[in-house]
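Structure record follows, encoded as structure tokens.
2 protein chains.
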Amino acid sequence: MNMLAYKAICLDLDGTVYRGIEPIAEAVSFIAKAQAQGIDPFFITNNSSMTREQLQIKLASFGINADREKIMTSAVAAAKYCSEYYNGASVAIIGEKGLEEALTTEGVRVTKDNPDIVIMGIDRSVTYEKLTDACLHIRAGAHFIATNSDLVFPTERGLVPGNGSFVKLMESATGKTPIFVGKPEPHMLGFIQQDNGYKKEDMVMVGDNYNTDILAGIQFGIDTIHVASGVSSREEVLAKEVHPTYLYQTLADWNI
Amino acid sequence: MNMLAYKAICLDLDGTVYRGIEPIAEAVSFIAKAQAQGIDPFFITNNSSMTREQLQIKLASFGINADREKIMTSAVAAAKYCSEYYNGASVAIIGEKGLEEALTTEGVRVTKDNPDIVIMGIDRSVTYEKLTDACLHIRAGAHFIATNSDLVFPTERGLVPGNGSFVKLMESATGKTPIFVGKPEPHMLGFIQQDNGYKKEDMVMVGDNYNTDILAGIQFGIDTIHVASGVSSREEVLAKEVHPTYLYQTLADWNI
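Chains A and B are the protein sequences, given in the same order. The numbers in the numbering used here rise by one with no breaks, and the one at position 7 of the first sequence is 8. The numbers in the numbering used here rise by one with no breaks, and the one at position 127 of the second sequence is 128.
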């Protein structure tokens with residue numbers, strides 16, 4: 002496969018480009034080679050806590066020179082979703098700096114009083130009061146959007162509660178289910194296509210997690226590449242009904 | 002029906018004896034009459050946040066003279082459950098003063114490090130760190146007990162997240178389901194029977210909520226009385242497959 006066949010190489014981050022605070026060497030080399038050939042990859046993450054700039058700095062610490070505009074987080078996608086589908090609406094958030102800044106950048110009005118929309122992302126400063134406010138807003142009719150549905154995420158201490166688990170709390174307390182914008186939903190890929198005018202055959206989604214990365218690509222209808230450097234093993238992926246377009250051990254196997 | 006047929010009249014609190022901070026007059030009179038006839042009711046609540054003493058003071062403010070030993074909360078039941086089924090085990094808690102004090106009174110060792118058991122009750126000072134610690138303990142093999150499964154509870158602001166919603170979060174993050182000790186599980190009634198040597202025909206459970214109060218009595222196998230002063234209407238109750246033994250509008254209808 003010729004890398005130049007794609008204009009938009011969309012790389013998942015955790016498990017594909019790095020693992021926590023360790024870079025994956027084959028991914029770092031791959032990105033440098035791609036950039037040398039004039040293809041600047043996109044970075045697609047369900048992480049809503051970090052800003053684009055914080056992720057850019059993290060990638061730079063691994064020797065990766067990422068264009069800020071090519072970093073797509075579930076927070077950025079949630080903000081774009083609001084301005085696209087609920088233009089002018091006010092938003093209350095449970096979330097961290099990444100979500101707050103994404104909304105401000107997109108020009109979305111953030112409020113605590115009678116919001117039209119509640120957006121939930123991971124918030125490690127969450128309080129009972131924040132959850133109660135969100136519960137009452139949603140019960141009063143506010144739309145309910147969640148950045149991502151990941152039930153847990155890995156840390157050095159083990160798997161800890163992710164935004165998806167807090168969403169389960171909110172679903173139980175309100176009887177409402179949110180719209181998820183993160184992977185495996187295809188919204189992040191949709192915004193990349195839309196903002197850059199790509200055709201679907203121009204795009205490929207690369208990731209380690211079948212249930213988020215690969216499914217997002219499949220649901221969006223673009224080529225997908227599985228790398229065996231993270232969550233899903235090659236065997237697990239081959240046991241799925243719908244396979245990715247290509248399976249690699251690492252990105253070093255993608256000859257460019 | 003003769004009230005004297007029962008030695009243990011088990012009254013739910015919220016919706017049966019009071020509504021939030023307002024006493025239900027018919028219940029207050031009923032309790033006074035019962036006590037005048039030598040029957041001192043039990044009070045059975047899924048509330049785990051308040052201590053027996055705090056509930057005693059609240060009841061006193063409505064003119065009800067409650068014996069502290071006859072107040073059974075889901076926190077007291079959780080503590081009794083631990084000492085009965087996991088004697089000597091250490092416990093980490095998410096919860097408020099009611100839970101903390103119930104465990105101490107029962108002589109259960111409370112710890113933050115490597116507990117044998119995690120007990121979850123409502124905690125309006127909950128933090129991400131507390132939830133993460135509990136998640137890691139349960140993932141490491143700690144038993145998982147929850148005081149009650151109420152998804153929401155009423156406040157003057159509306160329905161707000163209850164312990165059951167936080168349990169959904171923890172279930173999602175750990176893949177484990179807890180043992181619930183509160184209603185509709187029969188444990189609280191079981192401890193009352195056991196501590197006082199009652200026969201089942203000595204006992205009656207009185208409450209407004211079919212899905213918690215009445216089901217607890219039915220599951221425990223004792224007579225039940227529904228009062229239409231709270232959550233479930235008489236019509237809703239009559240639509241259920243298994244009916245309570247008696248249905249009253251208020252406790253004034255119970256001629257004594």
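Quick reminder that beta carbons are idealized off the backbone N, C-alpha and C, glycines included. Source: prediction; values computed, not measured.
Simplified DSSP assignment, three categories, for residue 191/A: helix
Can you tell me which of 234/B, 236/B, 45/B and 166/B puts its alpha carbon nearest to the alpha carbon of residue 205/B? 45/B
Given a cut-off of 7 Å, decide if residue 76/A and residue 56/A are closer than it, judged by their beta-carbon atoms. no
Got a sec? Which residues, its chain only, sit under 8 Å from residue 190/B by beta carbon, not counting five neighbours each side? 11, 45, 204, 206, 217, 218, 221 and 223
Top-ranked residue by Cα proximity to residue 165/B, from 174/A, 54/A and 160/A: 174/A
Assuming residue 146/A contacts residue 180/A (C-beta within less than 8 Å), just tell me the rounded distance between them. 5 Å
Residue 173/B touches chain A at which residues, Cβ-Cβ below 7 Å? 152, 165, 166 and 169
Is residue 230/A near residue 254/A, with beta carbons less than 7 Å apart? no
Which term fits residue 80/A, buried or exposed, when burial requires 16 or more other beta carbons within 10 angstroms of its beta carbon? buried
Would you mind giving the Cβ-Cβ distance between residue 183/A and residue 149/A, rounded to the nearest angstrom? I have them listed as a contact below 8 Å. 3 Å
Taking the beta carbon of residue 235/A as the centre, do at least 16 other beta carbons fall within 10 Å, making it buried, or is it exposed? exposed
Indicate whether at least one CB of chain B lies closer than 7 Å to the CB of residue 199/A. no
Using CA atoms only, rank isn't needed, just tell me which of 5/A, 201/A, 142/A and 19/A is closest to residue 62/A. 19/A
Nearest to residue 66/A (by Cα), restricted to the options 30/A, 98/A, 48/A and 74/A: 30/A
Under 8 Å between beta-carbons, which chain B residues line up against residue 129/A? List them in chain order, please. 124, 125, 126, 127 and 162
Just to confirm my understanding: we take residue 69/B, look at its own chain, exclude 5 residues before and 5 after, and list those with CB closer than 6 Å. What are they? 53 and 57
Whole angstroms are fine: how far does the CA of residue 84/B sit from the CA of residue 141/A? 43 Å
Leaving aside the five residues before and after residue 122/A along the sequence, list all residues of the same chain whose C-beta is less than 8 Å from its C-beta, in chain order. 49, 50, 75, 76, 79, 94, 95, 96, 97, 99, 100, 147, 148, 149 and 164
Can you tell me which of the three DSSP states residue 244/A falls into? coil
Measure the alpha-carbon distance for residue 129/A versus residue 168/B and round it to whole angstroms. 14 Å
State the DSSP-derived secondary structure class of residue 224/A, mapped to helix, strand or coil. strand
Ordered along the chain, which non-local residues of its own chain (more than five positions away) have a Cβ less than 6 Å from that of residue 119/A? 93, 135, 138, 139, 143 and 145
In chain order, which alpha helix (DSSP H) runs of at least 4 residues are fully inside the region 82-133 of chain A? 98-106
Mind checking whether residue 161/A and residue 133/B have CB atoms under 7 Å apart? yes
Return the first residue and the last residue of the alpha helix (DSSP H) that residue 45/B is part of. Residue 45/B -> not in any alpha helix (DSSP H); beta strand (DSSP E) instead, spanning 43-46.
7 Å Cβ cutoff, residue 239/A in contact with chain B: no
Return no unless some Cβ of chain A is closer than 7 Å to the Cβ of residue 132/B. yes
Could you give the DSSP three-state label for residue 148/B: helix, strand or coil? coil
Using the rule of at least 16 other Cβ atoms within 10 Å of the residue's Cβ for burial, across every protein chain shown, is residue 16/A buried or exposed? buried
Return the residue from the list 178/B, 13/B, 240/B and 244/B that minimises the CA-CA distance to residue 60/B. 13/B
Determine the DSSP secondary structure at residue 218/B, reduced to helix, strand or coil. helix
To the nearest angstrom, report how far apart residue 39/B and residue 27/B are at their CA atoms. 19 Å
Residue span of the beta strand (DSSP E) that contains residue 161/B, given as start and end: 159-162
Candidates 187/B, 188/B, 256/B and 247/B: which alpha carbon is nearest residue 225/B's? 247/B
Output needed for residue 196/B: all residues of its chain with C-beta closer than 8 Å, excluding positions within five of it in sequence on either side, in chain order. none
Could you check what DSSP says for residue 16/B in three-state terms: helix, strand or coil? coil
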